[in-house]
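Novice: Read in order, the letters of the sequence shown are residues 1 to 170 in the UniProt record's numbering. Where a beta carbon is used, it is the ideal one built from N, C-alpha and C, also for glycine. Just so it is clear, the structure is predicted and the values come from calculations on it, not from any experiment.
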Amino acid sequence: MTKKVAVLVTDLVEDVELTSPKETLEKAGYDVILVEKEAGKTITGKNGTTFTIDVSIDDVKPDDFVALLIPGGFSPDQLRADQRFVDFTKFFLENNLPLFAICHGPQLFIQTDLTKGRTLTSYITVQPDLAYAGGHIKDEAVVIDNNLITSRTPDDLPDFNKAIVSLLHS
Numbered sequence: 001m002t003k004k005v006a007v008l009v010t011d012l013v014e015d016v017e018l019t020s021p022k023e024t025l026e027k028a029g030y031d032v033i034l035v036e037k038e039a040g041k042t043i044t045g046k047n048g049t050t051f052t053i054d055v056s057i058d059d060v061k062p063d064d065f066v067a068l069l070i071p072g073g074f075s076p077d078q079l080r081a082d083q084r085f086v087d088f089t090k091f092f093l094e095n096n097l098p099l100f101a102i103c104h105g106p107q108l109f110i111q112t113d114l115t116k117g118r119t120l121t122s123y124i125t126v127q128p129d130l131a132y133a134g135g136h137i138k139d140e141a142v143v144i145d146n147n148l149i150t151s152r153t154p155d156d157l158p159d160f161n162k163a164i165v166s167l168l169h170s
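Shown next, in the form of structure tokens:
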């Protein structure tokens with residue numbers, strides 16, 4: 001059985017918050033699948049890195065994947081306006097499946113209405129929004145709440161990457 005990790009992503013993603021976890025997951029034996037509105041589309045990160053989308057959100061189901069990664073930048077804010085991406089994320093939260101988000105990534109959680117009672121972190125400007133949505137915020141490099149792992153910034157990537165692989169291998 002193939003171990004696939006979905007990545008919900010679009011233009012203006014924080015480049016390293018996609019490339020670093022993706023490389024870590026691939027080294028750990030996972031297929032990392034970029035999911036956006038259109039398969040084959042090229043998106044561009046905030047710092048100019050280009051990425052090719054593997055599959056359309058319309059052609060996948062959340063249970064096709066063992067985990068979900070949501071990198072930061074301006075990508076999550078754009079994706080949360082589309083109910084398909086919200087529902088995809090909601091599936092992982094409702095079913096306590098491995099879900100990893102860094103920086104602005106947790107913005108997508110707000111639209112799911114499942115933030116209340118969760119312990120998490122994010123980029124400093126997103127933390128109040130998560131708190132208003134009922135989340136318990138910690139200002140730590142990595143916050144683990146069952147199968148939900150969140151981090152704040154690219155500086156936290158070494159700890160974030162270690163935590164996500166550790167969870168998947170547990």
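(1) Assuming residue 108 and residue 84 are in contact, meaning their beta carbons sit under 8 Å apart, how far apart are those beta carbons, in whole angstroms?
(2) Decide if residue 166 is buried, meaning its Cβ has at least 16 other Cβ atoms within 10 Å, or exposed.
(3) Below 8 Å on the Cβ atoms is my guess for residue 118 versus residue 135; work out the distance and round it to an integer in Å.
(4) In terms of DSSP beta bridges, what is residue 36 paired with?
(5) Which of the three DSSP states is assigned to residue 67 in this structure?
(6) For residue 153, which residues in the same chain have their Cβ closer than 7 Å to its Cβ, ignoring the five residues on either side in sequence?
(7) Tell me whether residue 150 sits in a helix, a strand or coil according to DSSP, three-state version.
(8) For residue 100, report the span of its alpha helix (DSSP H) as first-last.
(9) Whose CA, out of 52, 120, 24, 21, lies closest to the CA of residue 35?
(10) Would you give the residue range spanned by the alpha helix (DSSP H) that residue 87 belongs to?
(11) Evaluate contact between the region 29 to 47 and the region 92 to 100, counting only Cβ atoms and requiring at least three cross-stretch pairs below 8 Å.
(12) By the 10 Å Cβ neighbour count, where 16 or more other Cβ atoms means buried, how is residue 162 classified, buried or exposed?
(13) In angstroms with no decimal places, state the Cα-to-Cα distance between residue 82 and residue 9.
(14) Rounded to whole angstroms, what's the CA-CA distance from residue 18 to residue 148? Just pull it up for me.
Specialist: Taking the definition as stated:
(1) Not really, about 12 Å apart at Cβ, beyond 8 Å.
(2) exposed
(3) 5 Å
(4) 56
(5) strand
(6) 103, 123
(7) strand
(8) First-last for residue 100: 99 to 102, but that is the beta strand (DSSP E), not the alpha helix (DSSP H).
(9) 52
(10) 83 to 94
(11) no
(12) exposed
(13) 12 Å
(14) 17 Å
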